[in-house]
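Peer 1: Let me begin by handing over the structure; questions about it come next.
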Amino acid sequence: EGDVSADHYRAGTTEDEQAVRVKLLFHLGFKEEVVEEAKLLRQRMAKDKKRAVSIASLLSSVEEYNTALGVISSSFSRDMLYRDQGIDPRVWRLMYPTGYSEMVSRYADENDTDPLLLYALIREESWFNRSVVSSAGAVGLMQLMPQTASAVNGSHVDRDSLFDPDINIALGTRFFAGLLRQYDGNMI
2 EGDVSADHYR AGTTEDEQAV RVKLLFHLGF KEEVVEEAKL LRQRMAKDKK
52 RAVSIASLLS SVEEYNTALG VISSSFSRDM LYRDQGIDPR VWRLMYPTGY
102 SEMVSRYADE NDTDPLLLYA LIREESWFNR SVVSSAGAVG LMQLMPQTAS
152 AVNGSHVDRD SLFDPDINIA LGTRFFAGLL RQYDGNMI
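If you read the sequence shown in this note's numbering, its first letter stands for residue 2, the second for the next number, and so on.
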């Protein structure tokens, strides 16, 4: 009788059905729905490492690196990662993504900076969440303060534009490269 909500439908599904639904949504091109379904499934698949890797791989392929990191980190403890020699190699690529690779490579080259440092910085600062804002007001992937971004750019940079990965990585890399030059490459 009446409409059945999506939540009602999800409550009656098994993990296998939900995983199939995530894959189907992915293949149909419904990126937002893939992310939402994967978030719901994440909690229920913490013990199923194989499925976690599969879902995280799908998320990574649609540039949802932050959500993929969440799936993997909820399924693999640090102890497990560093003790178990038989970990699927894909886990490491998911734990340490190289997302936005075209942008990172281009701006690393332009600023004579190691792209692996940029990936590490993005992972540590934002966990590849392009929409994150810190309590201090730092924005986006490389956690730039709007004032810093404007100084690096030489003209005003609108705070909202820092959510754009291309702008954030361009200005963040230029800022980081400047700091490396200022401190003679010393990162400590």
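Yeah, the Cβ is synthetic: ideal placement off N, Cα and C, and Gly gets one too.
Can you tell me which of the three DSSP states Leu145 falls into?
Peer 2: Reduced to three states, the DSSP call for Leu145 is strand.
Peer 1: For Tyr101, count neighbouring Cβ atoms within 10 angstroms of its own Cβ and tell me buried if that reaches 16, exposed if not.
Peer 2: Its Cβ being crowded by 16 or more others within 10 Å, Tyr101 is buried.
Peer 1: What residue range is occupied by the uninterrupted alpha helix (DSSP H) comprising Asn169?
Peer 2: Looking at the DSSP string, the run of the alpha helix (DSSP H) that includes Asn169 is Pro166 to Gln183.
Peer 1: Curious, which full-length alpha helix (DSSP H) runs of at least 4 residues does the region 115-145 contain?
Peer 2: You should have 116-127.
Peer 1: When burial is assigned at 16 or more other CB atoms within 10 Å of the CB, is Ser61 buried or exposed?
Peer 2: Ser61 is buried by the Cβ-count criterion.
Peer 1: CA-CA distance, Leu42 and Ala57?
Peer 2: Looking at the two C-alpha atoms, the distance is approximately 11 Å.
Peer 1: Return the Cβ separation of Ala69 and Pro98 in integer angstroms, given the expectation that the two are a contact with Cβ distance under 8 Å.
Peer 2: So it is a contact: roughly 7 Å between Cβ atoms.
Peer 1: Once you ignore the five residues that flank Asn112 on each side, which residues in its own chain have a CB closer than 7 Å to its CB?
Peer 2: Excluding sequence neighbours, Asn112 sits near Thr174, Arg175 and Ala178.
Peer 1: Which stretch, first to last residue, makes up the alpha helix (DSSP H) that contains Thr99?
Peer 2: That residue, Thr99, is in no alpha helix (DSSP H); it is neither H nor E in DSSP.
Peer 1: Provide the residue span of the alpha helix (DSSP H) that contains Gly71, from first to last.
Peer 2: Here the alpha helix (DSSP H) through Gly71 covers Tyr66 to Ser76.
Peer 1: Helix, strand or coil for Lys48? Go by DSSP, reduced to three states.
Peer 2: The answer is coil: DSSP assigns Lys48 none of H, G, I, E or B.
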